[in-house]
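The next block holds one structure in the form of structure tokens; read it before the comments.
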Amino acid sequence: MELLVFSILAGLVLAGALGVILARNPVYSALGLLLGLSAVAGLFVVLWAEFLAVVQLMVYAGGVLVLFLFVIMLVDLEQRGLDTDAGRIGPQPSAGWRIAAAMLGILFTAFVGALLLQEPARQVPGAAALEEVLRGGGAAGALGNLEHVGQLLYTSYLVPFELASVLLLVAMIGAVVLAHRER
Amino acid sequence: MLELHHVLLVSVAMLGIGTIGMLVRRNAIVMFMSVELVLNAGNLNFIAFSRFLPDPVGQVFSVFVIVIAAAEVAVGLAIVLALYRNRDTVMVDEAARMKW
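In order, the protein sequences belong to chains A and B.
Note that the first sequence covers residues 1 to 183 in our numbering.
Note that the second sequence covers residues 1001 to 1100 in our numbering.
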């Protein structure tokens, strides 16, 4: 059952990701991104990270996607953004280079696939004990517990957390300065 | 039964698609979307290891990844807007004045 849900969501993720890079119109790319990122949020639920799933939906579907669409609307008034010849950068490579690149790509894919398809180690040492601790409450979702993540975030990782907020402030000011129209 | 390597396969496929998108597309906005795909593949890896190790620290780190991704999109799209305003294009190969 878990595997079935995972497979459906994984298919949606890959379909969305392919849609991003294959669509001619940037608006369709943005919609593909929406599909892919929402399916990733579903995968987070399957992987016991419910809080992250909600954050993913709010930040990406609610924020980043709207920002992308706004910029596309601002920029593509006369359909300038249409990639009529996606993939052509500079002079065309010769046939030899193309074959070499395809071979390298296939080789790399086969290598990574073979590594991943190997029988994985069943258990990481010490994992069973830790799992028992994490499931102490008896709830299967103890790992995705907001309380758990929040406690870590505000104790062990307080300094990176504050630094992240400073980074967001800097990014906000930078974006305003860059996008500001000078009069 | 869901295993770690199933998630890693999805994650590596997403990373590959994102990388191809960054290399192949000329529209700067779509290139930024590909960067988002790559960052999400990394995020998925964090969550997968956090689920199977199991260790909640992975989830804390993916919160940081989401923060970085949001900051990157804000600044990047502002740069795209400035580029469009100055050059009237968002195609990266038409903004090649500094190309060697």
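Beta carbons are placed, not taken as given, at the ideal position from N, Cα and C, and that holds for glycine.
- Message: List, in chain order, every chain B residue whose beta-carbon is nearer than 7 Å to that of tyrosine 157 of chain A.
- Response: Here residue 157 of chain A is taken as the residue at index 157 of the first sequence, counted from 1. Neighbours of tyrosine 157 of chain A on chain B, chain order: Val1060.
- Task: State yes or no: is the beta carbon of glycine 137 of chain A nearer than 7 Å to at least one beta carbon in chain B?
- Result: Along the first sequence, one-based indexing puts residue 137 of chain A at 137. Confidence at glycine 137 of chain A is low in this model, with a pLDDT of 46, below 50, so the placement of that residue is unreliable and no value is reported for it.
- Item | Within 7 Å of chain B by C-beta, residues of the region 5-24 of chain A in sequence order | Only Phe6, Ala10, Val13, Leu14, Ala17, Leu18, Val20 and Ile21 from the region 5-24 of chain A bring a Cβ to less than 7 Å from some Cβ of chain B.
- Message: So, does the region 1025-1034 of chain B touch the region 19-32 of chain A, judging by three or more C-beta pairs under 8 Å?
- Response: These segments touch.
- Item | For alanine 114 of chain A, the nearest candidate out of B/Arg1097, B/Leu1037 and B/Leu1009 (CA to CA) | Locating residue 114 of chain A in the first sequence gives position 114, counting from the first residue. Cα-wise, what sits closest to alanine 114 of chain A is B/Leu1009.
- Task: Can you pull the chain A residues whose beta carbon is under 7 Å from the beta carbon of asparagine 1040 of chain B, in chain order?
- Result: Residue mapping note: residue 1040 of chain B aligns to position 40 of the second sequence, counting from 1. Against asparagine 1040 of chain B, the close residues of chain A are Leu37 and Val40, in the order they occur along the chain (beta-carbon pairs closer than 7 Å).
- Message: What would DSSP say about asparagine 1027 of chain B, mapped onto helix, strand or coil?
- Response: Taking the first residue of the second sequence as 1, we reach residue 1027 of chain B at position 27. Strand, per DSSP.
- Item | Backbone CA spacing between leucine 65 of chain A and valine 170 of chain A [nearest angstrom] | Taking the first sequence and counting its residues from 1, the one referred to as residue 65 of chain A is at position 65. Taking the first sequence and counting its residues from 1, the one referred to as residue 170 of chain A is at position 170. Leucine 65 of chain A and valine 170 of chain A: Cα-Cα distance of roughly 21 Å.
- Message: Could you tell me the alpha carbon to alpha carbon distance between methionine 172 of chain A and leucine 117 of chain A, rounded to whole angstroms?
- Response: Counted from its first residue, the first sequence places residue 172 of chain A at position 172. Counted from its first residue, the first sequence places residue 117 of chain A at position 117. Looking at the two C-alpha atoms, the distance is approximately 43 Å.
- Message: Considering Cα atoms alone, identify which of A/Leu33, A/Ile72 and A/Leu69 is closest to leucine 57 of chain A.
- Response: Translated into positions along the first sequence, residue 57 of chain A becomes position 57. Residue A/Leu33 is the option with its Cα nearest to leucine 57 of chain A.
- Counting only the same chain and skipping the five closest in sequence on each side, list residues whose C-beta sits under 7 Å from that of alanine 1069 of chain B. Stepping through the second sequence from its first residue, residue 1069 of chain B is reached at position 69. Closer than 7 Å at Cβ, skipping near neighbours: Glu1036 and Leu1039.
- Item | chain A contact for leucine 1015 of chain B (CB, 7 Å cutoff) | Residue numbering aside, residue 1015 of chain B sits at position 15 when the second sequence is read from its first letter. Judged by the 7 Å Cβ criterion, leucine 1015 of chain B is not in contact with chain A.
- Message: Against chain A, with Cβ distances strictly below 7 Å, would arginine 1051 of chain B count as a contact?
- Response: Here the question's residue 1051 of chain B lines up with position 51 in the second sequence. Cβ-Cβ to chain A under 7 Å: yes for arginine 1051 of chain B.
- Task: Can you check DSSP and say which residues form a bridge with methionine 1014 of chain B?
- Result: In the second sequence, residue 1014 of chain B corresponds to position 14, counting from 1. Residue pairing for methionine 1014 of chain B: DSSP places it in no beta bridge.
- Would you identify the three-state DSSP class for methionine 73 of chain A, choosing helix, strand or coil? Counting from 1 along the first sequence, the entry for residue 73 of chain A is found at position 73. Helix at methionine 73 of chain A.
- Let me know the secondary structure DSSP gives methionine 1 of chain A once reduced to three states. Against the first sequence, residue 1 of chain A aligns to sequence position 1. Here methionine 1 of chain A sits in coil by DSSP.
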